[in-house]
Amino acid sequence: DEERHKARKDADVGPLLFESYPIRHWDHYLGPRERHLLAAGRPDPTEGRVDPRDLTRGIGHRLEDMDFEVTPDARSAVAGVRSSDEVRDLGGELVVIETDRGERRTLASGDAWFEAVSCSPDGRWVVAVRAELGQPDRAANQTLWLVELQGNEARDLTPGFDLWPKEPVWAPDSSAVYFTADRAGHTAIFRVDLSGGEPMLVSGDGSYSDLCPAPDGRTLYALRSTVSSPPRPVALDVDGASEPRVLPSPVPLDEELALPGIVERVEVKAADATPIGSWLVRPTNASPASPAPLLVFIHGGPLGTWSGWSWRWRPQLLVERGYAVLLPDPALSTGYGQAFIQRGWGRWGDAPFDDITAAVDAAIEREDIDSERTAAMGGSFGGYMANWVAGHTERFRAIVTHASLWELRGFHGTTDGGPYWEREFGDPYRDGSRYDAASPHRSVGEIRTPMLVIHGEQDYRVPISEGLRLWTDLMRHGVDARFLYFPNENHWILKPNNVRVWYETVFAFLDQHVLGKEWVRPALL
656 DEERHKARKD
666 ADVGPLLFES
676 YPIRHWDHYL
686 GPRERHLLAA
696 GRPDPTEGRV
706 DPRDLTRGIG
716 HRLEDMDFEV
726 TPDARSAVAG
736 VRSSDEVRDL
746 GGELVVIETD
756 RGERRTLASG
766 DAWFEAVSCS
776 PDGRWVVAVR
786 AELGQPDRAA
796 NQTLWLVELQ
806 GNEARDLTPG
816 FDLWPKEPVW
826 APDSSAVYFT
836 ADRAGHTAIF
846 RVDLSGGEPM
856 LVSGDGSYSD
866 LCPAPDGRTL
876 YALRSTVSSP
886 PRPVALDVDG
896 ASEPRVLPSP
906 VPLDEELALP
916 GIVERVEVKA
926 ADATPIGSWL
936 VRPTNASPAS
946 PAPLLVFIHG
956 GPLGTWSGWS
966 WRWRPQLLVE
976 RGYAVLLPDP
986 ALSTGYGQAF
996 IQRGWGRWGD
1006 APFDDITAAV
1016 DAAIEREDID
1026 SERTAAMGGS
1036 FGGYMANWVA
1046 GHTERFRAIV
1056 THASLWELRG
1066 FHGTTDGGPY
1076 WEREFGDPYR
1086 DGSRYDAASP
1096 HRSVGEIRTP
1106 MLVIHGEQDY
1116 RVPISEGLRL
1126 WTDLMRHGVD
1136 ARFLYFPNEN
1146 HWILKPNNVR
1156 VWYETVFAFL
1166 DQHVLGKEWV
1176 RPALL
């Protein structure tokens, strides 16, 4: 890889030749360099260098976005790998690789990806998240898979658990596994014993990540955030008997951050009587005498949730400008059980739209919310839903759609992993009806709401072609719209000054159409 890279650079050659699928992943092309797993001994004390051994020669792109961990004795590495033919087979394997010779054997395989690999301290077991990929009639699912490294035992460690486990870590004595799972607008901590039984809730208030059990087995360290406070380190008793204790850290306290607004958890019933949970962040001065305009912010995913703090999306910045922000978790959201995901599987415009409608209806009934001044926005799946909303209701004064899906059948052929979408919407070469039924572009003639379209050129998950066609269709149908284009960004806007421009443009667009202010073009645009 290094030699080929140098030769290309010296020759000023840019073209890439591909012979397999996929060729892109999120924001980069796969090749000519590929991800390898290397092993090396201690550096030579005289030369200060090592000669690494390539343990995965010839594996191609199968390690892309996958996890690995080394066993305690350092003799093996356990890794998740992708299928060698992702255009037809999306399955994966959990493999163990000898670190001295690179010999590989399969521990588990099937119609799933194996992620978040973790080896037990006693060297006997490995646990991984087994992410089932689903079928058009069955939603994707997720569980913890336990495998014996030198034996034949392999089993589901969380059978019947109706949430999606993630981030597994071992108890110091190898008797149990701690993990997190989205749970009703939070990300909770659970413990499951290898001997069996239901997972025990350790802490369910807040959004936890980066679990770290103490060596004595009595304390569990983690990062904890909330919708209104950024992550900070905490200590918890493993039996869940006490509240998390905040540890000293560089993170300012809430009162120092002076986060604006009042955060509350709200729940409504959907049309089919399913409970729909949301977070509502509203200005402290909102009142019946001075109701706040409402911005509905739809999360991405779609297999995700509004849980904890986000540096990427900051509803607090909108609250500072006087908006109340509703963060709904519609059908397909994690944290509410498998049936809740199944409600929207392959039918994105049905139950998810109904759930968002129910959440908005309840919010605007409040006396401190201005029902006449509302807007909607979202990115990725949230952008898809924003597009769907635009074509199916005129209740909003403005809509912001970021990195959004617009024409699903064409999207299948241009996204970085088209076959993945076949697991939900079916094979478009045989029957494209589910793509067509869920495609927002079919309702372009019904759009009357002003729209701000945002897209990055280097977005390979939702390619720029989606934004370009959306923009063209809006212009041809006379919609009041603007297109904010980022030539050097991908699915997310990451460069600091580009982020500033993103917010400046969104603020100006919403202020114009929701608050009736004069349009102010950002200075750098």
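First residue of the sequence shown: 656, per the working numbering; consecutive thereafter.
The C-beta atom is built at its ideal place from N, Cα and C for all residues, glycine as well.
Predicted, not measured: the structure shown is a model, and the values here were computed from it.
- Assigned with DSSP and collapsed to three states, P868 falls in strand.
- D860 and E919 have their C-alpha atoms roughly 13 Å apart.
- Contact between the segment 958–970 and the segment 980–994 is present: three or more C-beta pairs spanning the two stretches fall below 8 Å.
- Under the three-pair Cβ rule at 8 Å, the segment 792–803 does not count as touching the segment 738–748.
- L1063 places its beta carbon less than 8 Å from that of F1080.
- DSSP places S897 outside any alpha helix (DSSP H), giving it a letter other than H or E.
- Under the criterion of beta carbons closer than 8 Å, P823 and V784 qualify as touching, at roughly 7 Å.
- Non-local beta-carbon contacts of G669 in its own chain, meaning distances under 6 Å to residues more than five positions away in sequence, are absent.
- The three-state reading of DSSP puts K664 in helix, counting H, G and I together.
- Residues A1163, Q1167 of the same chain have their beta carbon placed closer than 7 Å to that of W1174, with the five preceding and five following residues left out of the count.
- Membership of P888 in the beta strand (DSSP E) is indicated by the continuous run 884–892.
- L718 sits close to R690, with the two beta carbons spaced by under 8 Å.
- Distance between A944 and H683, taken at the CA atoms: about 51 Å.
- Along the length of the segment 813–886, whole beta strand (DSSP E) runs at least 3 residues long occupy 820–825, 831–838, 841–848, 855–858, 862–868, 874–881, reported in chain order.
- As the crow flies, the alpha-carbon of R1089 is around 30 Å from that of Y1140.
- DSSP, read as helix, strand or coil, puts H1067 in helix.
- When DSSP reads this structure, L749 sits in a beta bridge with G735, A763.
- In the same chain as E1159, and ignoring 5 residues on each side of it, the C-beta atoms closer than 7 Å to its own belong to P1177, in chain order.
- M1130 counts as exposed, since fewer than 16 other beta carbons sit within 10 angstroms of its beta carbon.
- Look at Q797 here: in three-state DSSP terms it is strand.
- The residue among I1011, V1169, F723, P948 with its C-alpha nearest the C-alpha of R1021 is P948.
- Non-local beta-carbon contacts of P1095 in its own chain, meaning distances under 7 Å to residues more than five positions away in sequence, involve Y1039, N1042, W1043, G1046, W1061 in chain order.
- At a Cβ-Cβ threshold of 8 Å, T1069 and P1118 count as neighbours.
- Of all alpha-carbon atoms in A694, L749, D828, the one lying nearest the alpha-carbon of A763 is that of L749.
- Beta bridge pairing from DSSP links R679 with Y684.
- Under the three-pair Cβ rule at 8 Å, the segment 1007–1018 counts as touching the segment 919–938.
- Counting every other CB atom within 10 Å of its CB across the protein chains shown gives L950 a total of 16 or more, marking it as buried.
- In terms of CA proximity to V751, L804 leads the group W800, G765, L804.
- Taking 8 Å as the cut-off, the beta carbon of S775 is found no closer than this to the beta carbon of G715.
- For D811, the beta-bridge partners assigned by DSSP are W800.
- DSSP places S1088 inside the alpha helix (DSSP H), whose first and last residues are 1088–1092.
- Classified as buried, S884 has 16 or more neighbouring CB atoms from the shown chains inside 10 Å of its CB.
- In the structure shown, S988 adopts coil according to DSSP, grouped into three states.
- R708 is positioned such that its CB atom lies closer than 8 Å to that of G757.
- Remark: C-beta atoms of R887 and R900 do not approach each other more closely than 8 Å.
- Annotation: R1078 to G1087 spans about 13 Å, alpha carbon to alpha carbon.
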